[in-house]
Amino acid sequence: MNHFKFQVINPLLHSELRLKIMVGLDSLQSADFMYLCQITDSTRGNLSTQITTLKEAGYLDVSKTGIGRFSRTTCSITNKGREALRAYEDGLRRLFNERVPDMKDKTGTE
Amino acid sequence: MTTTEELDIITRMRGEVMKRKDLTGENLFLAWGYPTAIVLLLEFAALMIWNEDWCDWLWAGIPLIGTPLMIYFLNEDYERTRRRTLDENVILMMWIFIGFASCVGGAAMGFVGVFQYCFFAYLGLLCGLGCFMTGIILHFRPKTICGIIASLLSAVPLFFQGDLWPLQLLITAAIVTIALIIPGHLFRQYVKLHRL
């Protein structure tokens, strides 16, 4: 059982900000960097670092348009990223469902 | 983070994105509807007055006016919301396909010499179907209803053949009004009322 639990934890998604970015982009076709800043409630520097990490893992597509101050960064989730997020979420739900009966047994409730 | 906290983040983020799903594209139907209806009426007038070959060039007015307007409104929407949803993308791709299908179909019908017989029914049907599908995707009933009506009416131009064929232009202008202009205005009002 422990082996399964360790498998579930994808280290790339086991970070609050990275998970927020992936879930936010999962329901969208694409989003601007500033939009992601707003919905994740994070700083630009931190967001930029995490986006680069996810891009290097092949979970995000990042495109830049424009020049200098007028440049715009647009992010979208890749199929690989979407699959990883689904697997991660399923794993979390299975872990959660396993834990709930354990807790009920300990407290003596059904 | 614990499992519960992570699941909570996932639920919260999905809710946050849904909360910010501001409606967009309220001007796109009008950006295509008005140029199409106006060009159809101008074509009818030109055929009635001059009936010369150059009148065919008026058709180019639809993409020449519609495309820049569409790009302008799409950019305006993106500037405001800074994101594009899957639904918006599906609708956009569907209408781009309808635009290409109209151009390719029109050119092919012109080439084989059946343009006057069936192009306007084809155009009306494409507009009606596009409007119906958009209404279904956006859950906006007036568009769905207008799409059904326009699709049904798209058969009417087929009854005007021979010398009466220019009347097809007027009927198609009416169908375009039902499929694009009326739902476009209704959707614009709806978006104004529900804007975040």
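Residue numbers (the numbering used here), protein chains in the order written: chain A, 35 to 144; chain B, 75 to 270.
We put the beta carbon where it would ideally sit given N, CA and C, even for glycine.
Given the structure is predicted, the values throughout are model-derived calculations rather than measurements.
Notebook entry, point to check: Considering only residues of the same chain and omitting the five flanking positions on each side of residue 100 of chain A, which have a CB-CB separation below 7 Å?
Noted result: Locating residue 100 of chain A in the first sequence gives position 66, counting from the first residue. Excluding sequence neighbours, residue 100 of chain A sits near 106.
Next item on the list: With 8 Å as the limit, tell me which residues of the region 163–187 of chain B have their beta carbon closer than that to any beta carbon of chain A; keep them in chain order.
Entry: 163
Checklist line | DSSP three-state assignment for residue 35 of chain A, whether helix, strand or coil | finding: Taking the first residue of the first sequence as 1, we reach residue 35 of chain A at position 1. Confidence in residue 35 of chain A is poor, its pLDDT being 49 and thus under 50, which makes the residue's placement unreliable; the coordinate value appears in the next sentence. Three-state DSSP puts residue 35 of chain A in coil, outside helix and strand.
Next item on the list: Verify the CB distance criterion: does residue 87 of chain B have a CB-CB separation below 8 Å to chain A?
Entry: Looking up residue 87 of chain B in the second sequence gives position 13. At least one chain A Cβ lies under 8 Å of residue 87 of chain B.
Next item on the list: Quick one: list the residues of chain B neighbouring residue 95 of chain A, beta-carbon separation under 8 Å, in chain order.
Entry: Within the first sequence, numbered from 1, the residue matching residue 95 of chain A stands at position 61. Within 8 Å Cβ-Cβ: nothing; residue 95 of chain A doesn't reach chain B, min ~13 Å.
Margin query: On the CB-based measure, 16 or more other CB atoms within 10 Å of its CB, does residue 57 of chain A come out buried or exposed?
Written below: Your numbering for residue 57 of chain A matches position 23 in the first sequence. It is buried - the Cβ of residue 57 of chain A has at least 16 other Cβ atoms within 10 Å.
Next item on the list: Could you spell out where the beta strand (DSSP E) holding residue 109 of chain A opens and where it closes?
Entry: Stepping through the first sequence from its first residue, residue 109 of chain A is reached at position 75. Here the beta strand (DSSP E) through residue 109 of chain A covers 106–111.
Notebook entry, point to check: Listed from N- to C-terminal order along the chain, which residues in the region 86–116 of chain B have their beta-carbon within a distance smaller than 9 Å of any beta-carbon of chain A?
Noted result: 86, 87, 88, 90, 91, 92, 94, 95
Next item on the list: Check whether the region 96–103 of chain B touches the region 155–167 of chain B, counting contact only when three or more Cβ pairs, one atom from each stretch, lie closer than 8 Å.
Entry: yes
Next item on the list: Rank B/253, B/266, B/195 by C-alpha distance to the C-alpha of residue 204 of chain B and give the top, closest one.
Entry: Counted from its first residue, the second sequence places residue 204 of chain B at position 130. Among B/253, B/266, B/195, the Cα nearest to that of residue 204 of chain B belongs to B/253.
Next item on the list: Mind listing the chain A neighbours of residue 77 of chain B? Cutoff is C-beta to C-beta under 8 Å, in chain order.
Entry: Start at 1 with the first residue of the second sequence, and residue 77 of chain B comes out as number 3. Near residue 77 of chain B (Cβ distances below 8 Å), the residues of chain A are 126, 129, 130, 133.
Check: chain A partners of residue 269 of chain B, CB-CB under 8 Å?
Finding: For the purposes of this step, residue 269 of chain B is taken as residue 195 along the second sequence, with counting starting at 1. Going along chain A, no residue has its Cβ under 8 Å from residue 269 of chain B, so there is no contact; the nearest lies around 17 Å.
Checklist line | Sequence ranges, beta strand (DSSP E) only - wholly within the region 143–197 of chain B, length at least 3 | finding: 157–159
Margin query: For residue 35 of chain A and residue 78 of chain A, what's the separation of their Cα atoms in angstroms?
Written below: Your numbering for residue 35 of chain A matches position 1 in the first sequence. Your numbering for residue 78 of chain A matches position 44 in the first sequence. Note that residue 35 of chain A has pLDDT 49, beneath the 50 cutoff, so the model's placement of it is unreliable and the number below is only indicative. Between residue 35 of chain A and residue 78 of chain A, the C-alpha separation is close to 39 Å.
Note to self: One question on the structure: do residue 143 of chain B and residue 105 of chain B come within less than 8 Å of each other, judged by their Cβ atoms?
What the structure shows: Residue mapping note: residue 143 of chain B aligns to position 69 of the second sequence, counting from 1. Residue mapping note: residue 105 of chain B aligns to position 31 of the second sequence, counting from 1. A contact, by the Cβ cut-off of 8 Å.
Next item on the list: Let me know the secondary structure DSSP gives residue 72 of chain A once reduced to three states.
Entry: Working through the first sequence from its first residue, we reach residue 72 of chain A at position 38. In the structure shown, residue 72 of chain A sits in a helix (DSSP, three-state: H, G or I).
Next item on the list: Measure the C-alpha to C-alpha separation of residue 155 of chain A and residue 80 of chain B and round it to an integer number of angstroms.
Entry: With chain A covering 35 to 144 only, the question about residue 155 of chain A has no answer from this structure.
Notebook entry, point to check: Who are the neighbours of residue 159 of chain B on chain A, taking C-beta pairs under 8 Å?
Noted result: The residue you call residue 159 of chain B lines up with position 85 of the second sequence. In chain order: 61, 62, 63.
Notebook entry, point to check: In angstroms, rounded to a whole number, what distance separates the CA positions of residue 21 of chain A and residue 266 of chain B?
Noted result: Outside the modelled stretch of chain A, which goes from 35 to 144, sits residue 21 of chain A, for which no answer is possible.
Notebook entry, point to check: With 8 Å set as the bound, which would you pick, yes or no: does the beta-carbon of residue 100 of chain A sit closer than that to a beta-carbon of chain B?
Noted result: By one-based count along the first sequence, residue 100 of chain A stands at place 66. No, residue 100 of chain A does not count as interfacial toward chain B.
Notebook entry, point to check: What's the C-alpha gap between residue 88 of chain A and residue 50 of chain A?
Noted result: For the purposes of this step, residue 88 of chain A is taken as the residue at position 54 of the first sequence. For the purposes of this step, residue 50 of chain A is taken as the residue at position 16 of the first sequence. Each residue's Cα considered, the two are about 13 Å apart.
Check: When the cut-off is 8 Å and only beta carbons count, does residue 53 of chain A lie next to chain B?
Finding: Locating residue 53 of chain A in the first sequence gives position 19, counting from the first residue. Yes, contact with chain B.
Check: DSSP three-state call for residue 63 of chain A: helix, strand or coil?
Finding: Taking the first sequence and counting its residues from 1, one reaches residue 63 of chain A at position 29. Residue 63 of chain A: strand per DSSP, three-state reduction.
Check: Enumerated in chain order, which unbroken segments of the alpha helix (DSSP H) with a length of 4 residues or greater are wholly contained in the region 223–259 of chain B?
Finding: 241–250
Checklist line | Option in A/109, A/64, A/61 with minimal Cα separation from residue 81 of chain A | finding: Counting from one through the first sequence, the residue named residue 81 of chain A turns up at place 47. The shortest Cα separation from residue 81 of chain A among A/109, A/64, A/61 belongs to A/109.
Check: residue 89 of chain B: buried (16+ other C-beta within 10 angstroms of its C-beta) or exposed?
Finding: Position 15 of the second sequence holds residue 89 of chain B. It is exposed - the Cβ of residue 89 of chain B has fewer than 16 other Cβ atoms within 10 Å.
Check: Excluding the five sequence neighbours on either side, which residues of its own chain have a C-beta within less than 8 Å of the C-beta of residue 268 of chain B, listed in chain order?
Finding: Counting from 1 along the second sequence, the entry for residue 268 of chain B is found at position 194. Here the set comprises 97.
Margin query: Just to confirm my understanding: we take residue 231 of chain B, look at its own chain, exclude 5 residues before and 5 after, and list those with CB closer than 7 Å. What are they?
Written below: As a position in the second sequence, residue 231 of chain B is number 157, starting the count at 1. Cβ within range, chain order: 194, 195, 198, 242, 245, 246.
Checklist line | Own chain partners of residue 180 of chain B with C-beta closer than 6 Å, once the 5 adjacent residues on each side are dropped | finding: Taking the first residue of the second sequence as position 1, residue 180 of chain B is located at position 106. 193.
Item checked: Any C-beta of chain A under 8 Å from that of residue 262 of chain B -> The residue you call residue 262 of chain B lines up with position 188 of the second sequence. By this cut-off, residue 262 of chain B is not an interface position.
Next item on the list: Could you tell me whether any Cβ in chain A is nearer than 8 Å to the Cβ of residue 121 of chain B?
Entry: As a position in the second sequence, residue 121 of chain B is number 47, starting the count at 1. Not closer than 8 Å to any Cβ of chain A, the Cβ of residue 121 of chain B fails to qualify, so no.
Next item on the list: For residue 96 of chain A, write down the residues that DSSP places opposite it in a beta bridge.
Entry: As a position in the first sequence, residue 96 of chain A is number 62, starting the count at 1. A/109, per the DSSP bridge assignment.
Notebook entry, point to check: Among residues of its own chain, excluding the 5 on either side of residue 200 of chain B, which ones have a beta-carbon nearer than 7 Å to its beta-carbon?
Noted result: Here residue 200 of chain B refers to the residue found at position 126 when the second sequence is read from its first residue. Excluding sequence neighbours, residue 200 of chain B sits near 172, 175, 176.
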